[in-house]
Amino acid sequence: MLQQVTSTTVTGADIQLRAKLLLFSMTDDQCVYCKGKMEHRMWVQCEACPQWVHVQCIPEECLSGGEYPSRSSDIAAFECSAHGTARARLALKGKRRRVEAKEEPERAGTRRYRLRKRGPLDYIALNEGQDVRLRHEHPHRAAFQGCFTKWSGLGRTVTSAELQQSFAELREPVLVADPEHSGMQTPAMDEQVLADVLGADYSLDVMDVQSQQNERWTMGQWKEYMHTARGVRDRIRNVISLEVSHVPEFGQRIRRPRAVEDNDLVDLVWPVQPAPEIGAKPKVQKYVLMSAANAYTDFHLDFAGTSVYYSLLRGAKQFLLFPPTPANLGAYKAWCADDNQGLIFLGDRLQDGVSFSLRPGDLFMIPSGFIHAVYTPEDSFVVGGNYLCLRDLSTHIRIVRIEQETQVPKKFTFPKFERVMGLTAEWLLEGLPERLQLITHEHAVALLDYLRDTRLKYKPAHYHTKSTMLASLEKALEGCEPASGP
Numbered sequence: 000m001l002q003q004v005t006s007t008t009v010t011g012a013d014i015q016l017r018a019k020l021l022l023f024s025m026t027d028d029q030c031v032y033c034k035g036k037m038e039h040r041m042w043v044q045c046e047a048c049p050q051w052v053h054v055q056c057i058p059e060e061c062l063s064g065g066e067y068p069s070r071s072s073d074i075a076a077f078e079c080s081a082h083g084t085a086r087a088r089l090a091l092k093g094k095r096r097r098v099e100a101k102e103e104p105e106r107a108g109t110r111r112y113r114l115r116k117r118g119p120l121d122y123i124a125l126n127e128g129q130d131v132r133l134r135h136e137h138p139h140r141a142a143f144q145g146c147f148t149k150w151s152g153l154g155r156t157v158t159s160a161e162l163q164q165s166f167a168e169l170r171e172p173v174l175v176a177d178p179e180h181s182g183m184q185t186p187a188m189d190e191q192v193l194a195d196v197l198g199a200d201y202s203l204d205v206m207d208v209q210s211q212q213n214e215r216w217t218m219g220q221w222k223e224y225m226h227t228a229r230g231v232r233d234r235i236r237n238v239i240s241l242e243v244s245h246v247p248e249f250g251q252r253i254r255r256p257r258a259v260e261d262n263d264l265v266d267l268v269w270p271v272q273p274a275p276e277i278g279a280k281p282k283v284q285k286y287v288l289m290s291a292a293n294a295y296t297d298f299h300l301d302f303a304g305t306s307v308y309y310s311l312l313r314g315a316k317q318f319l320l321f322p323p324t325p326a327n328l329g330a331y332k333a334w335c336a337d338d339n340q341g342l343i344f345l346g347d348r349l350q351d352g353v354s355f356s357l358r359p360g361d362l363f364m365i366p367s368g369f370i371h372a373v374y375t376p377e378d379s380f381v382v383g384g385n386y387l388c389l390r391d392l393s394t395h396i397r398i399v400r401i402e403q404e405t406q407v408p409k410k411f412t413f414p415k416f417e418r419v420m421g422l423t424a425e426w427l428l429e430g431l432p433e434r435l436q437l438i439t440h441e442h443a444v445a446l447l448d449y450l451r452d453t454r455l456k457y458k459p460a461h462y463h464t465k466s467t468m469l470a471s472l473e474k475a476l477e478g479c480e481p482a483s484g485p
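Take the sequence shown: its letter number 131 is residue 130 in numbering that gives the first Met the number 0, and every next letter is one higher.
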C-alpha cells in the first residue's frame with residue numbers, strides 16, 4: 000500500500016523532523032479512527048507527529064472544503080487533534096481552510112518565500128524514507144544525461160528495406176531512416192481524440208514519475224492534466240500501458256511496420272478460430288504512450304523481453320539502452336533486489352550501452368532483452384507495441400525466468416506467455432521438418448526445458464497430454480537438427 004501525503008506550508012525544521020521520524024519504524028501507523036478495520040488505499044500523515052490515518056476515515060466536519068480528495072496530490076496539509084485543536088483538520092489545495100492557521104503574517108510570509116526558493120518537495124518519497132526530491136525533476140536526471148552522453152554517437156540507422164531483409168540478424172536498436180516506407184501508419188491522434196473516442200470516463204493507469212507507482216485516472220482527467228501549463232502541473236506523470244488494439248478506430252487504422260507484422264510469433268502460432276480455452280490473442284500489439292515533459296521511466300525490461308516498435312508522433316524522447324549480456328542481466332537482477340533500488344542509478348553499473356534521441360516522425364526498433372531507461376524532454380505522444388518472435392525465443396524465456404526470480408507482479412508480465420510457448424511447440428510439430436529449420440538448437444532446447452516445468456499447465460489441441468507433445472518434439476529434434484543460428 001502506497002502511503003501518501005503532501006503539504007504546502009512546512010519549514011526546513013519541519014522537514015528535518017519528519018525525515019528523522021520516518022527513518023525509524025513508525026509506531027503510530029494504525030488509523031486512529033477505524034483502528035485498522037478498514038482497508039482504504041489512501042493514507043495521510045499528521046504534520047506535527049508520526050500518526051497516520053485513512054483519508055476516508057477523517058470526519059467530514061474536519062474537511063476544509065466539505066469533500067474528500069480523489070487523490071493524494073489534492074491534499075495540502077493534515078493535522079490530527081492531538082496538538083491543541085478541538086478537532087483534526089484536512090486542508091485541500093484550492094480550497095479555503097475551515098480552520099485558519101494561527102500564524103503571524105511575517106512568519107507565514109517567510110514560509111512561502113522558503114517554499115518558492117526550495118521548489119516543491121516530493122513528500123511521497125519523504126514518507127517512504129527516501130531522499131527529498133524536487134517534484135518537477137526526477138533525481139536520476141543528471142546521472143541519466145551523463146550516461147546518455149557517454150554512450151552517444153554509437154546508434155545505428157537502417158532503411159526500411161534493410162530492416163525487412165535483415166530482421167533475423169538484427170541484434171541492436173536501430174532508427175529507421177525512411178519510416179514512411181516501413182508500413183507503419185497512424186491516424187491523427189492526440190489526447191483530445193483519445194478522450195472523444197474512448198470517453199472521458201475511460202479508466203487508465205497513470206504513473207507518478209518520482210515514485211514510479213501507478214494511480215487510476217480517467218481519460219478526462221489525463222486530458223485536463225496534459226492541457227495544463229507545465230509550471231502548474233502538480234507532478235510529472237506518464238501513461239505507458241494504454242493498449243488500443245481492441246478499439247476499432249485505432250486498432251484497424253494503426254498499422255505496424257511490415258517487419259513486425261511478418262515476424263510476430265503470436266500472429267504466427269495463434270489459431271485463426273481459437274477454442275474457448277485458448278481465447279483471444281494477448282493485447283500487447285498497439286499502445287498509446289503519453290508523457291509530460293521531464294518524465295522519466297527508470298531502467299526496465301519489457302515483459303518477456305519482447306521486442307518493441309516505437310513511433311514518435313509529438314515531442315521528444317531520449318533512450319539509454321544496454322544489451323542482455325550475462326553481466327548486464329546479473330547487475331539488473333541485483334539492482335531489482337536492492338532495498339535502495341530507487342536511490343541507485345543502474346546505468347553506472349551496465350556496459351556496452353547505446354543512446355538515441357527521437358524527434359517527431361521517427362520510428363525506433365528495440366530488439367529483445369535490452370535493458371533501457373527513457374527521458375522525455377518535451378510533452379510527447381507515441382504509438383508503439385510489443386511482440387515476441389522466433390529469432391529471440393531463448394532470450395524471451397531467459398527474461399521470463401528473471402521476472403520470476405525478481406517476483407514481477409503478474410499484471411506486468413506478458414499475457415498468456417505459457418500458452419504462446421505451448422502453441423509454438425505445436426506449430427513446430429505441425430510443420431515438420433521445415434519449421435524446425437526456422438529456429439536454432441539453443442531455441443529448441445530452451446523451449447523444451449521451459450515447457451517441461453511441472454508448474455506450467457498447458458493442454459495441447461492435437462496431443463493427449465503436454466508430456467506426449469514434448470516427447471514428440473524431442474524425438475523430432477533428434478532426427479532433424481535445427482538451424483545453427485547467427
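Backbone N, C-alpha and C define an ideal beta-carbon position, used for all residues, glycine too.
Expressed to the nearest angstrom, what Euclidean distance is found between the alpha-carbon atoms of Asp452 and Lys465?
Within the sequence shown, numbered from 1, the residue matching residue 452 stands at position 453. Within the sequence shown, numbered from 1, the residue matching residue 465 stands at position 466. Taking the straight line from one Cα to the other gives about 11 Å.
Given a threshold of 16 other Cβ atoms within 10 Å of its Cβ, counted over all protein chains shown, does Glu477 qualify as buried or as exposed?
Position 478 of the sequence shown, counted from the start, is the residue given in the question as residue 477. Glu477 should be labelled exposed.
Between Val283 and the rest of its own chain, which residues show a CB-CB distance below 6 Å, the 5 nearest in sequence each way excluded?
Taking the sequence shown and counting its residues from 1, the one referred to as residue 283 is at position 284. Counting only Cβ-Cβ distances below 6 Å, and skipping sequence neighbours, we find Asn385.
According to DSSP, is Tyr331 part of a helix, a strand, or is it coil?
Indexing the sequence shown from 1 puts residue 331 at position 332. Tyr331 falls in the helix class under three-state DSSP.
In the DSSP output, which residue or residues are listed as bridge partners for Trp42?
In the sequence shown, the residue the question calls residue 42 occupies position 43. Note: Trp42 sits in a beta bridge opposite His53.
Hey, how far is the Cα of Cys48 from the Cα of Val353?
Numbered from its first residue, the sequence shown carries residue 48 at position 49. Numbered from its first residue, the sequence shown carries residue 353 at position 354. Roughly 47 Å separates the two Cα atoms.
Is the Cβ-Cβ distance between Thr394 and Gly304 less than 8 Å?
Residue mapping note: residue 394 aligns to position 395 of the sequence shown, counting from 1. Residue mapping note: residue 304 aligns to position 305 of the sequence shown, counting from 1. In contact: Thr394 and Gly304 (Cβ atoms closer than 8 Å).
What are the boundary residues of the alpha helix (DSSP H) that includes Gln317?
The sequence position of residue 317 within the sequence shown is 318, counting from 1. Where Gln317 is concerned, there is no enclosing alpha helix (DSSP H), although the beta strand (DSSP E) it sits in stretches over Ser306 to Phe321.
Near Asp204, which residues of its chain fall below 6 Å by C-beta distance, leaving aside the five closest residues on each side in sequence?
For the purposes of this step, residue 204 is identified with residue 205 of the sequence shown, where counting begins at 1. These residues qualify, in order along the chain: Asn213 and Ser240.
Run through DSSP, which three-state label would Phe344 get?
Numbered from its first residue, the sequence shown carries residue 344 at position 345. If DSSP states are grouped into helix, strand and coil, Phe344 belongs with coil.
In the DSSP assignment, find the unbroken beta strand (DSSP E) run with Glu214 in it and report its ends.
Residue numbering aside, residue 214 sits at position 215 when the sequence shown is read from its first letter. Gln212 to Thr217 is the span of the beta strand (DSSP E), which, as asked, contains Glu214.
Report the residue ranges of all alpha helix (DSSP H) runs contained in full by the region 415 to 471; include only those spanning at least 4 residues, in chain order.
416 to 429 and 440 to 451
Taking its Cβ as the centre, do 16 or more other Cβ atoms sit within 10 Å of Asn339, making it buried, or is it exposed?
Here residue 339 is taken as the residue at index 340 of the sequence shown, counted from 1. The residue is exposed, with fewer than 16 neighbouring Cβ atoms inside 10 Å.
Taking the beta carbon of Lys410 as the centre, do at least 16 other beta carbons fall within 10 Å, making it buried, or is it exposed?
Within the sequence shown, numbered from 1, the residue matching residue 410 stands at position 411. Exposed: under 16 other Cβ atoms inside 10 Å.
Report all residues from its chain with a CB closer than 7 Å to the CB of Pro322; omit the five preceding and five following residues, and keep chain order.
Against the sequence shown, residue 322 aligns to sequence position 323. Asp351 and Phe369.
Do Tyr309 and Gly198 have their CB atoms nearer than 8 Å?
As a position in the sequence shown, residue 309 is number 310, starting the count at 1. As a position in the sequence shown, residue 198 is number 199, starting the count at 1. Contact: no.
When you compare each of Phe413, Thr156, Ser471 and Leu162 to Pro256 by their alpha carbons, which one comes out closest?
Here residue 256 refers to the residue found at position 257 when the sequence shown is read from its first residue. It is Leu162 whose Cα lies nearest to the Cα of Pro256.
With DSSP run on the structure shown, which of helix, strand or coil describes Phe491?
Any answer about residue 491 is impossible in this case: the structure gives the chain only from 0 up to 485.
What do you reckon, are the CB atoms on Ala291 and Met225 nearer than 8 Å?
Here residue 291 refers to the residue found at position 292 when the sequence shown is read from its first residue. Here residue 225 refers to the residue found at position 226 when the sequence shown is read from its first residue. Their beta carbons are under 8 Å apart, which means Ala291 touches Met225 by this criterion.
So Ser379 is in the beta strand (DSSP E); what residue range does that whole segment cover?
Within the sequence shown, numbered from 1, the residue matching residue 379 stands at position 380. Start and end: Ile370 to Tyr386.
Indicate the three-state DSSP secondary structure (helix, strand or coil) for Phe77 in the structure shown.
Numbered from 1 along the sequence shown, position 78 holds the residue referred to as residue 77. Strand, per DSSP.
Compare the beta carbon distance of Leu431 and Ala460 with 8 Å and say whether it is the shorter of the two.
Working through the sequence shown from its first residue, we reach residue 431 at position 432. Working through the sequence shown from its first residue, we reach residue 460 at position 461. The answer is no: Cβ separation not under 8 Å.
What would DSSP say about Asp266, mapped onto helix, strand or coil?
Stepping through the sequence shown from its first residue, residue 266 is reached at position 267. Helix.
Going by beta-carbon coordinates alone, are Val157 and Ala176 separated by less than 8 Å?
Residue numbering aside, residue 157 sits at position 158 when the sequence shown is read from its first letter. Residue numbering aside, residue 176 sits at position 177 when the sequence shown is read from its first letter. Their beta carbons are under 8 Å apart, which means Val157 touches Ala176 by this criterion.
Residues in the same chain with beta-carbon distance under 7 Å from Glu473, minus the five sequence neighbours each way, listed in chain order, please.
What you label residue 473 is simply residue 474 of the sequence shown in a count that begins at 1. Leu447, listed in sequence order.
Near Ser244, what residues of its chain come up, given a Cβ to Cβ distance below 7 Å and the 5 sequence neighbours on each side ignored?
Against the sequence shown, residue 244 aligns to sequence position 245. For Ser244, where only same-chain residues beyond five positions count, the Cβ hits under 7 Å are Gly250, Lys282, Gln284 and Lys285.
Note down the Cα distance separating Glu276 from Arg390, rounded to an integer number of angstroms.
Within the sequence shown, numbered from 1, the residue matching residue 276 stands at position 277. Within the sequence shown, numbered from 1, the residue matching residue 390 stands at position 391. Glu276 and Arg390: Cα-Cα distance of roughly 27 Å.
So who's on the other strand from Ser356, going by DSSP bridges?
In the sequence shown, residue 356 corresponds to position 357, counting from 1. In the DSSP output, where bridge partners are listed per residue, Ser356 has Gln317.
Just verifying my parser: in three-state terms, what is the DSSP assignment at Arg155?
Within the sequence shown, the letter at position 156 stands for residue 155. Looking at Arg155 - three-state DSSP - the assignment turns out to be strand.
Taking DSSP as the reference, what is the three-state secondary structure of Tyr286?
Your numbering for residue 286 matches position 287 in the sequence shown. The answer is strand: DSSP assigns Tyr286 an E or B state.
Can you tell me where the beta strand (DSSP E) with Ser202 in it begins and where it stops?
As a working note, residue 202 is residue 203 in the sequence shown. Where Ser202 is concerned, the enclosing beta strand (DSSP E) stretches over Ser202 to Asp207.
According to DSSP, is Gly478 helix, strand or coil?
Position 479 of the sequence shown holds residue 478. Helix at Gly478.
Give the straight-line distance between the Cα atoms of Arg88 and Pro178, rounded to the nearest whole angstrom.
Translated into the one-based positions of the sequence shown, residue 88 becomes position 89. Translated into the one-based positions of the sequence shown, residue 178 becomes position 179. Each residue's alpha carbon lies about 57 Å from the other.
I need the straight-line Cα distance from Asp263 to Val307, nearest angstrom please.
The residue labelled residue 263 in the question sits at position 264 within the sequence shown. The residue labelled residue 307 in the question sits at position 308 within the sequence shown. Distance between the alpha carbons of Asp263 and Val307 is about 11 Å.
Whole-Å CB distance - Leu362 paired with Ser181, under 8 Å assumed
Indexing the sequence shown from 1 puts residue 362 at position 363. Indexing the sequence shown from 1 puts residue 181 at position 182. Right, their Cβ atoms sit about 6 Å apart.
Supposed close pair Glu417, Tyr457 - CB separation, criterion 8 Å
Working through the sequence shown from its first residue, we reach residue 417 at position 418. Working through the sequence shown from its first residue, we reach residue 457 at position 458. With a Cβ gap of about 6 Å, Glu417 and Tyr457 count as contacting.
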